[in-house]
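*Asks:*
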Amino acid sequence: NAGVTQTPKFQVLKTGQSMTLQCAQDMNHNSMYWYRQDPGMGLRLIYYSASEGTTDKGEVPNGYNVSRLNKREFSLRLESAAPSQTSVYFCASTTVNSQETQYFGPGTRLLVL
Amino acid sequence: AQSVTQLGSHVSVSEGALVLLRCNYSSSVPPYLFWYVQYPNQGLQLLLKYTSAATLVKGINGFEAEFKKSETSFHLTKPSAHMSDAAEYFCAVRADTGRRALTFGSGTRLQVQP
């Protein structure tokens with residue numbers, strides 16, 4: 066059981082470039098989430114997917130799009146990266162049976178120049 | 062809407078001393094509360110959680126937390142700090158909506174001095 070995996074681990078982009086962050090979980094969880102972590106601000110929710118085929122905005126969705134490709138995979142896309150999107154991005158998943166525990170991936174560190 | 066406040070962005074203790082990390086929350090419904098730990102350059106790992114059962118919750122690595130409804134608090138403690146406890150700790154509350162997302166505090170970095 067790999068849990069939640071994320072790729073890439075680290076990425077450097079120039080302003081205006083696009084990229085997709087990949088996330089996959091093998092725990093058969095229904096709900097998946099994307100958070101960003103910035104110093105002194107904890108983690109903030111970008112988008113979430115309650116179940117396959119559904120997505121919804123979180124606290125800081127501007128500049129991002131998501132795709133829930135299937136039950137396992139939930140990707141985050143930056144269409145035109147900006148320096149303000151420099152952050153560490155975490156994917157997480159959960160299910161009702163886990164009593165709300167969210168399981169986190171190792172994170173993707175993104176630097177936008 | 063729910064929120065979490067962690068008092069003290071940095072806490073320093075001596076090895077063997079008591080660890081106390083403070084967390085206060087607000088929630089319009091009975092909360093689910095969590096403490097996560099993050100070691101350098103790693104993801105978040107669940108330490109413990111409160112889900113309306115026992116108010117004193119025991120977690121991994123000797124940590125425990127007590128849910129106090131009257132004080133809207135969920136402070137994390139450990140009787141004796143170890144060097145390996147040095148990390149960042151996040152308190153979180155489950156959103157009081159159907160999304161089940163978590164609202165996180167800003168984190169407390171724990172330093173353990175030899």
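Protein chains in written order, with our numbering: chain A, 66 to 178; chain B, 62 to 175.
Positions of the beta carbon are idealized from the N, C-alpha and C atoms, including for glycine.
1) Give the secondary structure of A/Q82 by DSSP, where H, G and I count as helix, E and B as strand, and everything else as coil.
2) For A/R101, which option in B/L163, B/L81, B/V90, B/F95 has the closest C-alpha, if you only look at C-alpha atoms?
3) Below 8 angstroms, can you find three or more Cβ-Cβ pairs linking the region 112 to 132 of chain B to the region 134 to 154 of chain A?
4) Against chain A, with Cβ distances strictly below 7 angstroms, would B/R161 count as a contact?
5) Just to make sure I have the definition right: I need the residues of chain A whose C-beta is within less than 7 angstroms of the C-beta of B/G104. Which are they?
6) Does the distance from the CB of B/Q106 to the CB of B/V98 come in under 7 angstroms?
7) Spatial neighbours of B/G123 within its chain, please: C-beta separation below 6 angstroms, excluding the five flanking residues on both sides.
8) To which residues does DSSP link A/F139 through a beta bridge?
9) Quick one, are the C-beta atoms of B/Y150 and B/L82 less than 7 angstroms apart?
10) Establish whether the CB of B/G166 and some CB of chain A are separated by less than 7 angstroms.
11) Go through its chain and collect everything with a Cβ distance to A/T72's Cβ below 7 angstroms, but skip five positions before and after it.
12) Run the CB neighbour count on B/H71, radius 10 Å, all protein chains shown included, and call it buried at 16 or more, exposed below.
13) How long is the line joining the alpha carbons of B/Y111 and A/L178, rounded to whole angstroms?
14) Check this for me: beta carbons of A/G128 and A/I111, under 7 angstroms apart or not?
*Replies:* Short version:
1) The count along the first sequence starts at 1 and reaches residue 82 of chain A at position 17. Here DSSP, grouped into helix, strand and coil, assigns A/Q82 to coil.
2) In the first sequence, the residue the question calls residue 101 of chain A occupies position 36. In terms of CA proximity to A/R101, B/L163 leads the group B/L163, B/L81, B/V90, B/F95.
3) By the Cβ criterion, the region 112 to 132 of chain B is not in contact with the region 134 to 154 of chain A, since fewer than three pairs of Cβ atoms, one from each stretch, lie closer than 8 angstroms.
4) Counting from 1 along the second sequence, the entry for residue 161 of chain B is found at position 100. Taking CB atoms only, B/R161 has a neighbour in chain A less than 7 angstroms away.
5) Mapped onto the second sequence, residue 104 of chain B falls at position 43. The contacting residues are F155, F169, G170, P171, G172.
6) For the purposes of this step, residue 106 of chain B is taken as residue 45 along the second sequence, with counting starting at 1. For the purposes of this step, residue 98 of chain B is taken as residue 37 along the second sequence, with counting starting at 1. The Cβ atoms of B/Q106 and B/V98 sit closer than 7 angstroms to each other.
7) The count along the second sequence starts at 1 and reaches residue 123 of chain B at position 62. Contacts found: K139.
8) Sequence index remark: in the first sequence, residue 139 of chain A carries index 74 (1-based). Note: A/F139 sits in a beta bridge opposite A/R133.
9) Taking the second sequence and counting its residues from 1, one reaches residue 150 of chain B at position 89. Taking the second sequence and counting its residues from 1, one reaches residue 82 of chain B at position 21. In contact: B/Y150 and B/L82 (Cβ atoms closer than 7 angstroms).
10) Translated into the one-based positions of the second sequence, residue 166 of chain B becomes position 105. Interface flag for B/G166 against chain A is set, since a Cβ pair is found closer than 7 angstroms.
11) To locate residue 72 of chain A, count along the first sequence from 1; it is residue 7. A distance below 7 angstroms between beta-carbons, with the five flanking residues on each side excluded, links A/T72 to the following residues of its chain, in chain order: Q87.
12) As a first step, residue 71 of chain B must be located in the second sequence, where it is residue number 10. Using a 10 angstroms sphere on the CB of B/H71, the tally of other CB atoms stays under 16, which defines it as exposed.
13) Numbered from its first residue, the second sequence carries residue 111 of chain B at position 50. Numbered from its first residue, the first sequence carries residue 178 of chain A at position 113. Distance between the alpha carbons of B/Y111 and A/L178 is about 41 angstroms.
14) Here residue 128 of chain A corresponds to residue number 63 of the first sequence, with the count starting at 1. Here residue 111 of chain A corresponds to residue number 46 of the first sequence, with the count starting at 1. Not a contact, by the Cβ cut-off of 7 angstroms.
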